[in-house]
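> Offset between the sequence shown (1-based) and our numbering: plus 2. Note that CB positions come from ideal geometry on N, CA and C, so glycine has one too. Since the structure is predicted, the reported quantities are computational estimates derived from the model, not experimental observations.
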Amino acid sequence: MITVFTPTYNRAHTIARTFESLQNQTDKDFEWIVVDDGSSDNTLELLSQLKKSASFPVNIQRQENAGKHVAINFGVRIAQGELFFIVDSDDWLKPDAIATIKRIVKKLPANEKYAGVSGVRVTPEGTLVGTSFLSSYVDCTAFEREKYNINGDKAEVYYTSVLRKFPFPSFKGENFLTESVVWYRIAHEGYKIRWTNEPFYVCDYQSSGLSATTGKCSKNFQGYQLTTKEMLEYKELPYKERCGQLLAYSAIACKEKKNIKDCAKIISCPYWLVLILGKIGYAAFQLKNALRRK
Numbered sequence: 003m004i005t006v007f008t009p010t011y012n013r014a015h016t017i018a019r020t021f022e023s024l025q026n027q028t029d030k031d032f033e034w035i036v037v038d039d040g041s042s043d044n045t046l047e048l049l050s051q052l053k054k055s056a057s058f059p060v061n062i063q064r065q066e067n068a069g070k071h072v073a074i075n076f077g078v079r080i081a082q083g084e085l086f087f088i089v090d091s092d093d094w095l096k097p098d099a100i101a102t103i104k105r106i107v108k109k110l111p112a113n114e115k116y117a118g119v120s121g122v123r124v125t126p127e128g129t130l131v132g133t134s135f136l137s138s139y140v141d142c143t144a145f146e147r148e149k150y151n152i153n154g155d156k157a158e159v160y161y162t163s164v165l166r167k168f169p170f171p172s173f174k175g176e177n178f179l180t181e182s183v184v185w186y187r188i189a190h191e192g193y194k195i196r197w198t199n200e201p202f203y204v205c206d207y208q209s210s211g212l213s214a215t216t217g218k219c220s221k222n223f224q225g226y227q228l229t230t231k232e233m234l235e236y237k238e239l240p241y242k243e244r245c246g247q248l249l250a251y252s253a254i255a256c257k258e259k260k261n262i263k264d265c266a267k268i269i270s271c272p273y274w275l276v277l278i279l280g281k282i283g284y285a286a287f288q289l290k291n292a293l294r295r296k
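Following this line, the structure appears as structure tokens:
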């Protein structure tokens, strides 16, 4: 069975669409777990109504606002499915999504180390999100995505047992942590994903969604610091990606007036390098904002 997991926050205006896409699945061998992250709208009331007409098991939970990463940990703990599929509350699935995932999983070699499988995301108009490769599939870790042109958000489905080994870290007072922290930890342990070009996930990014929100890293600096520290340690990551992360981290530290010596020490980088990159990055950030205002 597959666990379809939806973390939600004030998405009463979109989550019914997610539900309808599950109702329309050709294969109903799945459960739907929803964790409401402290919504202030009528999301919970709507979910209770939707559950009454569901043709599949629905498990509705609530937590105080702590962020998507904490909600994922909650969902993984209670999941009944062998596979765990995160579907955001502003997105939806094509009718054959569950059947397609099962078909892909059945073809995985039994003697290799897989974290899961993936399809691609498309816009409501059918346009591919990000980029992909030309072959039918590629087996590689998350570190090798750029090598195979696997860029942008994809529709990853993980084995629940793997996610239980790699819970998301959390920090008191912070409600955001990039998911790449866990995806890279999984990759570092040698787990591959079978990336395919199957378009079973439809993406409708909201203006207030995580993907469009700026300032998350500044407001959740401890988590961002951990992300940076671990990314710099992964020699498997492309050098360009590690350099870009260091530049962004240094700029945010400068912008937030953090103690640069402490910031450099925590990520095991020379103080002078973080200081110089911070000044350069923050100046570029200010210039970009000034040009936007003109």
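To the nearest angstrom, how far is the alpha carbon of Ser213 from that of Val184?
Along the sequence shown, read from residue 1 onward, the residue named residue 213 stands at position 211. Along the sequence shown, read from residue 1 onward, the residue named residue 184 stands at position 182. The predicted position of Ser213 is uncertain, since its pLDDT is 47 and thus under 50; a value taken from the coordinates is nonetheless stated next. Rounded to whole angstroms, Ser213 to Val184 spans 17 Å at the Cα level.
> Short check: CB of Trp197 to CB of Ile152, under 7 Å?
On the sequence shown, residue 197 is found 195 positions in, with the first residue counted as 1. On the sequence shown, residue 152 is found 150 positions in, with the first residue counted as 1. Yes, these two residues count as a Cβ contact at 7 Å.
> Hey, how far is the Cα of Gly2 from the Cα of Glu243?
Beyond the ends of the chain as shown, which are 3 and 296, falls residue 2; an answer cannot be given.
> Taking the straight line between their C-alpha atoms, what separation do you get for Pro59 and Trp34?
If you number the sequence shown from 1, residue 59 lands on position 57. If you number the sequence shown from 1, residue 34 lands on position 32. Approximately 6 Å between the Cα atoms of the pair.
> With a CB to CB cut of under 6 Å and the five nearest residues on each side skipped, what residues in its chain are close to Gln247?
For the purposes of this step, residue 247 is taken as the residue at position 245 of the sequence shown. Within the same chain, Gln247 has close Cβ partners Thr230 and Met233.
> Three or more C-beta pairs closer than 8 Å, one from the stretch 62-74 and one from the stretch 39-48: is that the case here?
The stretch 62-74 is in contact with the stretch 39-48.
> Inspect the beta-carbon positions of Leu48 and Phe145 and report whether they are closer than 7 Å.
Taking the first residue of the sequence shown as position 1, residue 48 is located at position 46. Taking the first residue of the sequence shown as position 1, residue 145 is located at position 143. No, they are not a contact pair.
> Would you say Asn75 and Pro169 are within 7 Å of each other, going by their C-beta atoms?
Numbered from its first residue, the sequence shown carries residue 75 at position 73. Numbered from its first residue, the sequence shown carries residue 169 at position 167. Result yes, Cβ atoms of Asn75 and Pro169 sit closer than 7 Å.
> Within a Cβ cutoff of 7 Å, which residues of the same chain sit near Ser23, ignoring the five residues on either side of it in sequence?
Counting from one through the sequence shown, the residue named residue 23 turns up at place 21. Excluding sequence neighbours, Ser23 sits near Trp94 and Leu95.
> Give the list of continuous alpha helix (DSSP H) stretches no shorter than 4 residues that lie fully inside the stretch 23-99.
DSSP runs (the alpha helix (DSSP H)) wholly in the stretch 23-99: 45-54 and 70-80.
> Is the stretch 185-195 in contact with the stretch 82-94, if contact means three or more CB pairs nearer than 8 Å?
Contact between the stretch 185-195 and the stretch 82-94 is absent, because fewer than three Cβ pairs lie under 8 Å.
> Less than 8 Å between C-beta atoms, sequence neighbours within five positions excluded: which residues of the same chain meet that for Ala253?
Your numbering for residue 253 matches position 251 in the sequence shown. Around Ala253: Leu279, Gly280, Ile282, Gly283, Tyr284, Ala286 and Phe287.
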